[in-house]
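Under our numbering, the first residue of the sequence shown carries the number 477, and numbering increases by one thereafter. Written below as structure tokens is the structure these notes are about.
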Amino acid sequence: MSALLHLFKLLPDKDRLAAACVCKEWNAVSKHPSLWAKLDLQNNQQASRILSNLPHQYTGPLKEVNLEFAADVTDQDLRKLHGNSLEILNLNACQRVTDAAVIMLVAQSPNLRQLSLYWNVHITDTPLYKVATLCKQLTRLNLSGCKRITDEGLTAVAGKCHHLVDVDLTRCMEVTAKGYIAIATGCRQLQTLCMYACAHVNDAVLQACGQLLPELRVLDICGAHMVTDEGVKALGRCHKLEVINFTWCVQLTDDGMAPVAAGCPRLKSLSLHGLRGITNCTIEALATHCRDSLHTLDVHGCVGIKADDSSVQAYLQRQLPLVQQFVIHT
């Protein structure tokens, strides 16, 4: 039994389920709780059939479920997971899954630490209310592309889930500054905050981040066209920032970047893509304060950066010798 159990542990989940059908002995081994702490059907296009064949005996031991890009999975399939108290749930791009299934799984998972719902266009605020009520240990939340999420859902989560360190709100088009500020106010341990292509990010949002998120390491506000230097200056108080994406924050100039360079000496990666208001002054500020940390810099479209006696790239390499990857305008 022990040798066979060891072999079963080496099998992918889909193969283990198939092996369970071979004979009674293998079926009995396949039900051992140690085999089912994790169910990983990522990118499996037969995940629906596999889940439908799960016997009821598997209820109970699961802690982690990964169904990322298992596109055929439905609410009915997920009912087979009823009874498991999950810690990690990944339903990224499971577009046939609705609020009802997420609520069912969350309701039985008070120790949930990670929830990923990337590009699930059916999900609304309703599951977030359940998350806020039950999942106080949540540390990671991915709502990227969940276009029906609003300020109300985020405010509920921010009010209860104070251990969040990683939040992705990419393309959450219904969320306004109110929702982003609620996250900054309630989740002060945040290390990663992604607001890529979120048109409502403004100076007030960045000022909240600067005042309330001292642990922030990664910030992505690509496309935040309302942001100005006044908002960006506040980020100079986030001294642990390592990665910033200011791509297409078109109002940003040297005046905003100077406090960021001075206040963020750990900066490793910075995108200033498309910012015509950035000049050599910003490069010199980065060279003064971030010379020993910065390794990636995107200044494509920064036409204000000039080099009189050499190419722009040569100038940048002199100023920032540790940068290994430059993206520059042509």
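By construction, the Cβ of each residue, glycine as well, lies at the ideal position given by its N, Cα and C atoms. Here the structure is a predicted model, which means the values were calculated and not measured.
Where V582 falls, given that 16 or more other Cβ within 10 Å makes a residue buried: buried
Does the Cβ of L517 have 16 or more other Cβ atoms within 10 Å, making it buried, or fewer, making it exposed? buried
What ranges does the alpha helix (DSSP H) occupy inside the segment 716-787, keeping only unbroken runs of at least 4 residues that lie completely in it? 730-739 and 756-765
Buried versus exposed call for Q683 [16 or more other C-beta atoms within 10 Å across all chains shown]: buried
Looking only at DSSP bridge pairs, what is R647 linked to? None, per the DSSP bridge assignment.
Entirely within the segment 515-560 and at least 3 residues each: give me those beta strand (DSSP E) ranges in chain order. 540-542
For I625, does the three-state DSSP call read helix, strand or coil? coil
Please list the terminal residues of the continuous beta strand (DSSP E) segment that includes S620. Element bounds for S620: n/a, residue is neither H nor E.
For A710, I'd like the list of residues in its chain whose CB is within less than 6 Å of its CB, leaving aside the five on either flank, ordered along the chain. L682, Q683 and G686
Measure how close the beta-carbons of V607 and C637 come, nearest whole angstrom, since I'm counting them as under 8 Å. 7 Å
On the three-state DSSP scale, how would you describe S449? The structure shown does not extend to residue 449, since the chain is modelled only from 477 to 806, so the question has no answer here.
Closest by CA to V799, which one among D774, L728, R589 and A479? D774
Pairwise C-alpha distance: T631 and D601: 10 Å
Under a three-way DSSP split, which group does D679 fall into? helix
If you run the structure through DSSP and keep just helix, strand and coil, what is I659? helix
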